[in-house]
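Sequential numbering of the sequence shown, starting at 1, is according to full-length UniProt numbering.
C-beta atoms are modelled at their ideal positions from N, C-alpha and C, and glycine is treated no differently.
Nothing here was measured: the structure is a model prediction, and the numbers come from that model.
As structure tokens, the structure follows; a few thoughts come after it.
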Amino acid sequence: MPVTAIETFEEFEKVINGEKPVIIEFWATWCGPCRIISPVFEKFSNLAEYAGLGFYKVDIDANQRAAEEVGVRAMPTFIVFKGGEKLDESVGANIRALQQLIGNASP
């Protein structure tokens, strides 16, 4: 499943409150580390082994409210949600940490 951009706070609330586990990348266009890890996040989203997980991204400049709601302080930040609950998080452009986060979140 390709990564889907969340454009509004209402979309964000709908996505995080779903029953399917989701991982959201909080990023910014000016963030160098984000530009490095985003293609890796896209690659993981297309792997069959992670098909049970929804992949999304939030541009913190376009959707500050969503970033503030969950306490994002640095970019990139990857957060796993299910049923409105924040389950896990990884901060930074660390590929191994991202892969572990995704693996742990997969149903």
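Original post:
Just the Cα atoms here: how many angstroms apart are residue 30 and residue 93?
Top reply: Your numbering for residue 30 matches position 30 in the sequence shown. Your numbering for residue 93 matches position 93 in the sequence shown. Their backbone Cα atoms lie some 14 Å apart in a straight line.
**OP:** Using the Cα positions of residue 64 and residue 105, report the straight-line distance between them to the nearest angstrom.
**Re:** Walking along the sequence shown from the start, residue 64 turns up at place 64. Walking along the sequence shown from the start, residue 105 turns up at place 105. One C-alpha to the other measures close to 25 Å.
**OP:** Quick one: grab the DSSP three-state call for residue 86.
**Re:** The sequence position of residue 86 within the sequence shown is 86, counting from 1. In the structure shown, residue 86 sits in a strand (DSSP, three-state: E or B).
**OP:** Would you mind working out which of 49, 80, 71, 60 sits nearest residue 16, comparing C-alpha positions?
**Re:** Locating residue 16 in the sequence shown gives position 16, counting from the first residue. Considering only alpha carbons, the answer is 80.
Subject >> Start-end ranges of the alpha helix (DSSP H) lying completely within the segment 9-86, minimum 4 residues >> reply: 9-16, 32-45, 64-69
Original post:
Mind checking whether residue 107 and residue 33 have CB atoms under 8 Å apart?
Top reply: Within the sequence shown, the letter at position 107 stands for residue 107. Within the sequence shown, the letter at position 33 stands for residue 33. Not closer than 8 Å, so no.
Original post:
Three-state secondary structure (DSSP) at residue 93?
Top reply: Residue numbering aside, residue 93 sits at position 93 when the sequence shown is read from its first letter. Residue state, collapsed to three classes: coil.
**OP:** Indicate whether the contact test is met: 3 or more Cβ pairs, each with one atom in the segment 51-61 and one in the segment 82-101, closer than 8 Å.
**Re:** no
**OP:** Return the CA-CA distance between residue 69 and residue 97, expressed in angstroms with no decimal places.
**Re:** The residue labelled residue 69 in the question sits at position 69 within the sequence shown. The residue labelled residue 97 in the question sits at position 97 within the sequence shown. Approximately 23 Å between the Cα atoms of the pair.
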